[in-house]
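**Q** I have a structure here, written as structure tokens, and I will follow up with some questions on it.
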Amino acid sequence: MSPLKFSATAAFGLEAPVKREIIRMGFDDIKVSDGRVDFSGDIAAIPKCNLNLRTSDRLLLIMGEFNAYSFDELFEAAKALPWEDWITEDGKFTVTGKSIKSQLYSVPDVQSIVKKAVVEKLKQKYRVEWFEETGPEYKIQAAILNDLVTLTIDTTGASLHKRGYREHAVLAPLRETAASALVELSYWRKDRPFLDPLCGSGTIAIEAALVARNIAPGLYRGFASEKWPQIPAKAYAEAREECKDNADFKFMPEIYASDIDAKAVASASANALKAGVADCINFDVCPLAKAPLPGNYGVVICNPPYGERIGEKKEIERLYREMGKSFSADKTWSVYVLSADEDFESFYGRRADAKRKLYNGTIKTDYYQFHGPRPPKRI
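Next up, the structure:
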């Protein structure tokens, strides 16, 4: 079989960490564009990526890409693709769509045309006029940008950020994929102390613990493609066993997480227990000013409140000033803060060594990075 084409989707700004993950997994023919990282692989890439990708939202199988300037062109090009190689006679398939700067701007019409094209192709294969659609699920996406059409099938199902451990969440939680990206984009390594003193539901600390123990983020959840007959039944089972073999469940990283809200800490502890990392995260209920920097050459990563509600801004500004004072207590520490406040640096009291624009959902944020010195080399 010739190599398959895939697209790992990502929130805007997270394409770089997704690319790093794909390279580490050994895939090639990589192309990066806004919100996606395309690459080539065989069918084994489907379980491997779904189980192991930490910063991507979902894995799409690219069926074809072509230019279309009319609905007739869209229909004929879509119909020519090998849908019968993937969608079974009883397969349940839906079509979603999006169109940006395209002559085919009506998304409902695009969806209808693609659905019709797929049906006509499957009629030729299965020699039937009606499909029950009671079998495996195949979600087709028609994405058009500047008249370039990309047709894909979603191999993931529920978004990859749904690891399955976060049953307890506080208000406005950070997605697991974004939290993992914050860790990936930092200088933290598993042998250095880690602190989130504004932990909320614990997502950042939990993702750091999963990274430290090399526990695959999708190990304990299911995926739409597990029910596809094209993927051997043992493929996902073997991929999961490989993930378990690669994990170091006994490794004890030095991770600390605290919050002034006792209910939030209780939720974070419950989430960590479900994720299987409660034994390696030290949770505490305390205000930021009393959260010590444990040890030397550690890393702080946090996502403080953004203060979007009326009356909260002054309190948030006070928190940012407190952060600047507390985090400067030990110059060996590095600090990473995700904030939507463009004046964050002025309140923090220091210009960041670097910052990266990221989106937390639909909120534009900056990832402020304050770099401490590297730990001395061990002899």
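Each residue of the sequence shown is one higher than the one before, counting from 0 in numbering that gives the first Met the number 0. Where is the CB? At the ideal position from N, CA and C, for every residue including glycine. Just so you know, these numbers come straight off a predicted model, no measurement behind them.
Under a three-way DSSP split, which group does V415 fall into?
**A** No statement about residue 415 is possible, as the shown extent of the chain runs from 0 to 378 and does not include it.
**Q** Can you tell me whether DSSP reads T364 as helix, strand or coil?
**A** T364: strand per DSSP, three-state reduction.
**Q** Starting from E183, trace the alpha helix (DSSP H) both ways and give me its first and last residue.
**A** Its alpha helix (DSSP H) spans residues E175 to E183.
**Q** By a C-beta neighbour count over all protein chains shown, 10 Å radius and 16 as the cutoff for buried, is A79 buried or exposed?
**A** A79 comes out exposed.
**Q** Compute the Euclidean distance between the alpha carbons of A116 and W82, then round it to the nearest angstrom.
**A** Roughly 10 angstroms between the two C-alpha positions.
**Q** Establish whether the CB of G348 and some CB of chain B are separated by less than 9 angstroms.
**A** The question asks about chain B, but that chain is absent: this structure has only one protein chain.
**Q** Could you tell me the alpha carbon to alpha carbon distance between P303 and S338, rounded to whole angstroms?
**A** Those two C-alpha atoms are separated by around 7 angstroms.
**Q** Do the segment 213–229 and the segment 43–51 meet, that is, are 3 or more Cβ pairs less than 8 angstroms apart?
**A** Yes, since at least three Cβ pairs between the segment 213–229 and the segment 43–51 fall closer than 8 angstroms, the two stretches touch.
**Q** If you reduce the DSSP assignment to three classes, tell me which class I230 lands in.
**A** Looking at I230 - three-state DSSP - the assignment turns out to be coil, as it is neither helix nor strand.
**Q** Strictly by DSSP, which residues pair up with D256?
**A** Note that residue 256 is Ala in the sequence shown, not Asp. The partner list for A256 (beta bridge, DSSP) reads D195 and F282.
**Q** Based on DSSP bridge pairs, tell me the residues matched to Y358.
**A** K363.
**Q** Does the pairing of the segment 3–18 with the segment 354–361 give three or more beta-carbon distances under 8 angstroms?
**A** Because the criterion of three Cβ pairs below 8 angstroms is met, the segment 3–18 and the segment 354–361 touch.
**Q** Starting from I203 and walking both ways along the alpha helix (DSSP H), at which residues does that stretch end?
**A** Where I203 is concerned, the enclosing alpha helix (DSSP H) stretches over T202 to A211.
**Q** Skipping 5 residues on each side, what residues in its chain have a beta carbon closer than 8 angstroms to that of P228?
**A** Taken in chain order, the residues that qualify are T87 and P135.
**Q** Is it true that the CB of Y335 sits closer than 9 angstroms to the CB of Y366?
**A** Going by C-beta atoms, Y366 is nearer than 9 angstroms to Y335.
**Q** Let's test the definition: count the other Cβ atoms within 10 Å of the Cβ of Q110 and tell me whether it reaches 16, buried, or not, exposed.
**A** When all chains shown are included, Q110 counts as buried.
**Q** Bridge partners of S338, per DSSP?
**A** Partner(s): D365.
**Q** Find the nearest neighbour of A253 within the set E237, C301 and F193, judged by alpha-carbon distance.
**A** According to the sequence provided, residue 253 is Glu. The question's Ala does not apply to it. Selected option, being the one with the closest Cα: F193.
**Q** Please tell me whether D146 and S101 are closer than 9 angstroms, where the distance is taken between their beta carbons.
**A** Yes, these two residues count as a Cβ contact at 9 angstroms.
**Q** Just the C-alpha distance for K313 and I259, rounded to the nearest angstrom, thanks.
**A** Rounded to the nearest angstrom, the two C-alpha atoms are 18 angstroms apart.
**Q** Quick one: measure Cβ to Cβ for F5 and L58, integer angstroms, because I've assumed they're closer than 8 angstroms.
**A** Going by Cβ atoms, the distance from F5 to L58 rounds to 6 angstroms, so yes, they are a contact pair.
**Q** Work out the CA separation of E316 and I309 for me, nearest whole Å.
**A** Its pLDDT being 47, under 50, I309 is placed unreliably by the model, and the measurement read from it follows with that caveat. Their Cα atoms are separated by approximately 13 angstroms.
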